[in-house]
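Presented below is the structure to which this report refers.
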């Protein structure tokens with residue numbers, strides 16, 4: 007059974023142009039009678055030298071008006087996560103009554119930025135004229151954290167989903183694809199407006215432990231007091247309260263969750279931004295984390311391992327199913343951290359299979375990232391160890 011609005015295909019052959027062209031035509035025919043609105047493409051480093059030629063063939067033979075993507079060491083296609091075998095993952099999508107536009111950006115623009123209006127001029131978009139952004143960017147040439155802060159300022163409340171490309175780590179080289187062109191810097195952003203937009207499913211791979219607390223004293227990225235007590239003491243008591251079987255595994259996989267809206271009465275998965283604990287000092291009672299906490303913010307400690315990550319993915323997808331009841335999911339793009347997959351779960355296809363179980367059959371494509379983009383409580387963040395799923399949703403269905 008196939009979703010009539012999307013199709014995913016995977017190419018593992020050599021760079022024979024005639025055979026690849028025939029494969030592209032065959033993939034496009036499976037979307038018939040619908041025309042292609044968007045093509046997403048993710049290519050393994052094996053094809054770097056011929057990527058531009060293959061992109062040109064793909065765009066022409068599959069009749070793709072907008073084609074974007076990036077390189078990836080491991081790829082997603084349908085229900086599969088291909089972590090070893092080099093190849094090309096292609097998704098073709100039909101979005102009725104929807105306007106798309108691909109926009110290139112780079113580090114020079116990030117450095118030229120002089121306020122929110124700068125990106126309105128550079129992209130030709132304002133928060134009122136874009137429903138969501140799908141972004142693929144190079145981690146080596148773009149200061150992604152700074153760029154993301156600027157776009158959060160320029161497009162408040164607009165979801166940004168996607169990920170940072172992976173590729174040739176030794177050469178610090180990745181590729182970004184935009185309409186048949188290959189770039190080795192910056193990023194590409196696809197703007198959605200009209201009947202189809204994106205809804206993000208962000209699984210940060212953690213399960214909460216202990217209670218939710220209020221941070222009462224901080225200094226830059228250091229939490230000094232939680233609930234008017236030394237932060238380390240609260241952390242120690244949280245670990246000690248766990249069953250003995252969980253204490254050892256949690257000690258090496260402990261993270262902090264910062265609530266993005268402290269005015270809530272009840273906190274659940276998805277309400278917390280997960281960040282690393284960098285250091286914990288029993289003598290001073292301080293905990294250093296990979297974020298800038300503030301007094302009054304709600305905190306809860308979290309555990310990350312295979313079991314917790316699987317549970318979080320299941321619960322997060324189930325919540326999204328409930329929220330999207332009555333809407334039609336046309337396809338999706340899965341951007342999963344390089345640290346997930348078989349390395350984390352001990353089995354293949356974990357995330358892709360869960361997405362298909364929840365919303366399939368879908369034309370689902372994607373790649374394993376150097377960082378994942380997605381919103382938490384209405385603001386976009388760069389994540390790690392996360393599965394960021396961009397669902398293409400027709401809300402009027």
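In the numbering used here, the protein residues as written are 7 to 403.
Ideal Cβ positions, reconstructed from N, Cα and C, are used throughout, including at glycine.
For a cut-off of 8 angstroms, the C-beta gap from residue 67 to residue 31 is around 5 angstroms, short enough to register as a contact. The residue from 176, 172, 10 and 145 with its alpha-carbon nearest to that of residue 38 is 10.
Going by DSSP, residue 363 is part of the alpha helix (DSSP H) stretching over 356-365. Contact annotation: residue 159 and residue 191 have beta-carbon atoms that are not nearer than 8 angstroms. Inside the stretch 303-340, DSSP marks whole beta strand (DSSP E) runs of 3 or more residues at positions 304-309, from first to last along the chain. Inter-residue distance for residue 53 and residue 289 is about 53 angstroms (C-alpha atoms, whole angstroms). Taken in chain order, the unbroken stretches of beta strand (DSSP E) that lie wholly in the stretch 148-230 and span 3 residues or more are 166-170, 182-184, 187-189, 193-200, 202-209 and 219-225.
Looking only at 346, 295, 195 and 303, the smallest Cα-Cα distance to residue 314 is reached by 346. Looking at the DSSP output, residue 34 sits in no beta bridge, so it has no partner there.
Here residue 59 is not bridged, per DSSP, to any residue. Beta-bridge analysis with DSSP links residue 90 to no other residue.
Take the alpha-carbon of residue 26 and the one of residue 63: they are about 8 angstroms apart. Residue nearest to residue 372 within the set 393, 381 and 353 is 393 (criterion: CA-CA distance). Nearest neighbour of residue 359 by Cα position, chosen from 284, 319 and 292, turns out to be 319. Note on geometry: alpha-carbon atoms of residue 130 and residue 305 lie some 39 angstroms from one another.
Closest option to residue 232, judged by alpha-carbon separation, among 279, 294, 248 and 211: 294. In the pairwise beta carbon analysis, the stretch 196-216 is classified as touching the stretch 139-157: at least three pairs are separated by under 8 angstroms. Non-local beta-carbon contacts of residue 94 in its own chain, meaning distances under 6 angstroms to residues more than five positions away in sequence, involve 17 and 49 in chain order.
Residue 175 sits exposed, since fewer than 16 C-beta atoms from the chains shown fall within 10 Å of its C-beta. Judged by DSSP secondary structure, residue 128 falls within the alpha helix (DSSP H) whose first and last residues are 122-129. Of 337, 14, 243 and 221, the smallest CA-CA separation from residue 265 is found for 221. Under the three-state reduction of DSSP, residue 107 is assigned to strand.
According to DSSP, residue pairing for residue 46 in a beta bridge involves 74 and 97.
Rounded to whole angstroms, the separation of the alpha carbons of residue 380 and residue 113 is 20 angstroms.
About 6 angstroms separates the beta carbon of residue 262 from that of residue 281, a gap short enough to meet the 8 angstroms contact definition. If you ignore the 5 residues before and after residue 115, its C-beta comes within less than 7 angstroms of the C-beta of 128, all in its own chain and listed in chain order. Relative to the Cα of residue 21, the nearest Cα in the group 104, 60 and 126 belongs to 60. Taking each of 187, 168, 42 and 125 in turn and checking the Cα distance to residue 57, the smallest one comes out for 187. Check the Cα spacing between residue 378 and each of 154, 219 and 399: the tightest is with 154. About 4 angstroms separates the beta carbons of residue 80 and residue 374, which is inside the 8 angstroms limit, making them a contact pair. If you draw a straight line from the Cα of residue 172 to the Cα of residue 78, it is about 5 angstroms long. Residue environment for residue 356: buried (at least 16 other C-beta atoms within 10 angstroms of its C-beta). Counted as a single uninterrupted DSSP element, the beta strand (DSSP E) harbouring residue 281 occupies residues 278-287. Bounds of the alpha helix (DSSP H) holding residue 255 are 250-257. In terms of CA proximity to residue 51, 179 leads the group 326, 243, 242 and 179. With fewer than 16 other Cβ atoms inside 10 Å of its own Cβ, residue 152 counts as exposed.
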